[in-house]
């Protein structure tokens, strides 16, 4: 097959992957997640376990060590037989705490300690870099196989030096495009997962096709194959290598079982990307079946390769050279794509997982620590920083893999790296399992276990594998690798248990321990009470992480769940806990904890506080659960009642104020009209005076009329008898007209108007005059009351998924106190002194009535760094509003 | 202990026993994978070993599949039983809600 055709196929395949990821992301954005969430997609994404090391390397491994290769697949199978009670629980607990990575899980369990997470991240980085280099190498080697067979082979081979770089760059691009799109509260990447599921199918089909060809095409069916295996094993040299060593067998199964739980990429697809634990019902048997299918033909391929290919060929590449030697070009191409899929999917997911750890546990905490104590109204964009940190980390991980690949150069040095990575991440297992199963496990134990494991792994396994230092001196008959693995894991476990027994955890840690071990939602302790005005800074903080829209939506939903209207929920312990865990889903638990503490004030937990929640709480759990539902309902009703009562009291005060206000407002012009008309009766007035007094009377009468018009308007709107003249308008034109009309108010204030012109062109079906009235009123208010030295008015419009339009009008003044925000839409509610305002205080009340008549709403948005109003419009005004059909 | 409908007892009993089976399965798997290799490594290293390991593996997948199916059905049955209002006498208290701790 011409090398160019191979290259073209490969590029087409890459383009397909980009397309699939893009389509899946778009479908997810539109809310079409049903097929994306299918358990089979989840199962297929788990197959990222089968990297190029297993795709190509398994045959080489089997050719050297016989059935021992199967341990790499049997370990995960063993873990998945415990899917029903073990993995489901891991996923449930991790989802409950919005864990973002394996390091984050350890950190969250052991008192949200970022230092611990940083150590786990270190292991992950050290273990992953050579592993990624191994994938890059496998792609380069598989290209070389085709290039060597091509007529102009040597010349192509010379150009292949850059393959690894091109692959690394392409994968970095893919990962950044689809892995760092957003910083959602639940970290899921539909595009990446779908592309990987598709690659899993390609891998499987390629390998099975090759296996079928080998067993039924080259050999004569399964019986003949078994004979050939027996014949190969008759060679004493082979027989010695193939003889199973029970200690190695056990250690390998243990290590690969640990790997499926702790490898960053496996944790990413199995736990972080899982919508819920239900998909493990299918994955519990389907993933072992996938592994079974991937390993069934390994030994036959190894035996046939040994028989048919010239001595000295690299057994790691039998998968490719066997079909090529048999003249099966298309099969070889399919296998090549399978290996390419295996390598690329591993690198992408590994890069996402490690980059998340590096940015959440190294870069973001370092950045937060470097800055001085920030003021609550800091305006910096944390979300942008976190995303950029992640992008940089992805580039760094890829670059490190590529540099390692270039530096190591040799084949043999890298081939061992798969197992080295497995054993490195396995050092996290004792702390992970202990943390999930044993409430006594504590942070000191985790430090001791992971720390000693890291040191021993470096000294006994990692450094020897790169040629520094020697093997562990062991008595003859014992496998040195097994001895090193067992030594590091045993010391690790003993240190973990020992320090846990002698240490005493702090209260936060004990709460987290209780939550992880009994899989119950923890409640954050809080001394903040109702009426606390710190909800607004919390909202401002969440806005920096999630963006304004998502933060507002979340706060509004929480407030509604509490039975409150508006955007600011009460700072109940439950709300704080949920907020912290959702933030943890974006930036890791330790950072989220620190940030909430900073805004909401230190949370000094005492042992006495703990006693209320620890053991007794667990025993009383069932009872509580039943009571809780009833109580939550009661609390909600009570809150609604309280809010209604507060409002009624306010309204009654306002009603009195309204009467006195309206008499006052009517009397002032009336008095001057009366006074001046009496003066006009005087006979000896000059014509100038007469016309001046008549003018005053005219102005005052005008004021009276306007006031009465406003009152009439309001009463018509309130009674629902308003007539709407509905037509189709462009929002952009309305806003332009409103800005022009409002510019006459305080023209000396030079406002900087910040508009998003392209987004404003939204067609609306509404009453344009009424809407214009609202816009003019809100903008005029901003011009009147914004007290910033350099006033800025921000106008943002968008069309929500439900149709209609949302208009946000935000200035940069000092805003409105949270205590008065609910009053501003009431009649005669003037916040500043009446003289300055120069109006009767009916404007916003009329605005709200208009908006309600139009089927929309106007509300005050807290936490936007100034006074902010949101006007929402439905797709069309309600039919009951007495509207006339558009002309 | 107040009287409860018989079918409910049976459904929840069945579910719990299946849960026990799910807990035993990994231990059993581990024994089946490890013990033979320690016992007679030489006869399991070659063609015979391949038949043994893949046969065991395939059997295991079928067992997990069947177990998960049975567990899902049993859970559905328990849920149905607890939702169906019990026949008279009407004074039967509602069945206790199963907390997560019971499922583990």
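Protein chains in written order, with this note's numbering: chain A, 1 to 887; chain B, 1001 to 1104.
Glycine included, C-beta positions come from ideal geometry on N, C-alpha and C.
Where the beta strand (DSSP E) through residue i begins and ends
{"i": "residue 763 of chain A", "result": "763-766"}
{"i": "residue 492 of chain A", "result": "Looking at the DSSP string, residue 492 of chain A is not in any beta strand (DSSP E); the run it does join, the alpha helix (DSSP H), is 480-502."}
{"i": "residue 25 of chain A", "result": "Element bounds for residue 25 of chain A: not the beta strand (DSSP E) but the alpha helix (DSSP H), 3-29."}
{"i": "residue 754 of chain A", "result": "752-755"}
{"i": "residue 729 of chain A", "result": "727-730"}
Reduced DSSP category for residue i - H, G, I as helix; E, B as strand; rest coil
{"i": "residue 799 of chain A", "result": "coil"}
{"i": "residue 894 of chain A", "result": "Coverage of chain A is limited to positions 1 through 887, which leaves residue 894 of chain A absent and any answer about it impossible."}
{"i": "residue 709 of chain A", "result": "helix"}
{"i": "residue 295 of chain A", "result": "helix"}
{"i": "residue 746 of chain A", "result": "coil"}
{"i": "residue 404 of chain A", "result": "helix"}
{"i": "residue 860 of chain A", "result": "strand"}
{"i": "residue 309 of chain A", "result": "coil"}
{"i": "residue 658 of chain A", "result": "helix"}
{"i": "residue 872 of chain A", "result": "strand"}
{"i": "residue 388 of chain A", "result": "helix"}
{"i": "residue 376 of chain A", "result": "Note that residue 376 of chain A scores 45 on pLDDT, short of 50, meaning its location in the model is unreliable and no value can be drawn from it."}
{"i": "residue 805 of chain A", "result": "strand"}
{"i": "residue 568 of chain A", "result": "coil"}
{"i": "residue 724 of chain A", "result": "strand"}
{"i": "residue 352 of chain A", "result": "helix"}
{"i": "residue 816 of chain A", "result": "coil"}
{"i": "residue 56 of chain A", "result": "coil"}
{"i": "residue 894 of chain A", "result": "The structure shown does not extend to residue 894 of chain A, since chain A is modelled only from 1 to 887, so the question has no answer here."}
{"i": "residue 825 of chain A", "result": "coil"}
{"i": "residue 346 of chain A", "result": "helix"}
{"i": "residue 888 of chain A", "result": "For chain A, the structure presents residues 1 to 887; residue 888 of chain A sits outside this window and is missing."}
{"i": "residue 529 of chain A", "result": "Confidence is the limiting factor: at residue 529 of chain A the pLDDT is only 43, short of 50, which leaves the residue's position unreliable, though a coordinate-based value still follows. Note: residue 529 of chain A maps to coil in three-state DSSP."}
{"i": "residue 203 of chain A", "result": "helix"}
Where residue i meets chain A, residues with beta-carbon distance less than 7 Å
{"i": "residue 1014 of chain B", "result": "Ordered by position in chain A, no residue passes the 7 Å Cβ test against residue 1014 of chain B, which lies about 15 Å from the chain."}
{"i": "residue 1022 of chain B", "result": "84 and 85"}
Per-residue contacts from residue i into chain B (C-beta, under 7 Å)
{"i": "residue 67 of chain A", "result": "1045, 1049, 1050 and 1053"}
{"i": "residue 81 of chain A", "result": "1025, 1026, 1029, 1060 and 1064"}
{"i": "residue 74 of chain A", "result": "1033"}
{"i": "residue 70 of chain A", "result": "1053"}
Residues that residue i contacts on chain B, provided the C-beta gap is smaller than 8 Å
{"i": "residue 208 of chain A", "result": "None at all; the shortest Cβ gap to chain B is about 14 Å."}
{"i": "residue 226 of chain A", "result": "1047, 1050 and 1051"}
{"i": "residue 78 of chain A", "result": "1026, 1029, 1030 and 1033"}
{"i": "residue 233 of chain A", "result": "1045, 1046 and 1047"}
Closer than 9 Å at the beta carbon, the chain B residues around residue i
{"i": "residue 262 of chain A", "result": "Under the 9 Å cutoff, chain B gives no residues; its nearest Cβ is about 17 Å from residue 262 of chain A."}
{"i": "residue 302 of chain A", "result": "Under the 9 Å cutoff, chain B gives no residues; its nearest Cβ is about 11 Å from residue 302 of chain A."}
Listed by chain order, chain A residues near residue i by CB distance under 8 Å
{"i": "residue 1070 of chain B", "result": "In chain order: nothing, as chain A lies at least about 11 Å away."}
For residue i, the first and last residue of its enclosing alpha helix (DSSP H)
{"i": "residue 584 of chain A", "result": "573-587"}
{"i": "residue 100 of chain A", "result": "Premise fails: residue 100 of chain A is in no alpha helix (DSSP H) and is neither H nor E."}
{"i": "residue 537 of chain A", "result": "535-546"}
{"i": "residue 245 of chain A", "result": "Counting along the chain, residue 245 of chain A falls outside any alpha helix (DSSP H), and DSSP gives it neither H nor E."}
{"i": "residue 515 of chain A", "result": "507-518"}
{"i": "residue 42 of chain A", "result": "39-46"}
{"i": "residue 231 of chain A", "result": "221-234"}
{"i": "residue 170 of chain A", "result": "163-179"}
{"i": "residue 279 of chain A", "result": "It is not in any alpha helix (DSSP H) - residue 279 of chain A carries neither H nor E in the DSSP assignment."}
Cross-strand partners of residue i (DSSP beta bridge)
{"i": "residue 810 of chain A", "result": "A:794 and A:868"}
{"i": "residue 437 of chain A", "result": "Paired residue(s): none; residue 437 of chain A is not in a bridge."}
Proximity test, residue i beta-carbon vs the ligand FMN heavy atom, cut-off 7 Å
{"i": "residue 846 of chain A", "result": "No copy of the ligand FMN appears in this structure; indeed no ligand is present at all."}
Proximity test, Cβ basis, 8 Å: residue i and chain D
{"i": "residue 230 of chain A", "result": "Looking at the structure shown, chain D is missing, and the protein chains on hand are A and B."}
inquiry  = Please identify, using Cβ separations under 7 Å, the residues of the segment 282-300 of chain A that lie next to chain B, in order along the chain.
reply    = Cβ contacts with chain B come from 284, 285, 288, 289, 292, 296 and 299.
Interface positions of the segment 1029-1041 of chain B facing chain A (Cβ-Cβ less than 9 Å), listed along the chain = 1029, 1030, 1033, 1034, 1037, 1038, 1039 and 1041
key: Cβ-based contacts, 8 Å cut-off: residues of the segment 242-253 of chain A near chain B   = Close to chain B, meaning a Cβ-Cβ distance shorter than 8 Å, are the following residues of the segment 242-253 of chain A: 242, 243, 244, 245, 246, 249, 250 and 253.
query = Going along the segment 18-33 of chain A in order, which residues come within less than 7 Å of chain B, judged by CB to CB distance?
reply = none
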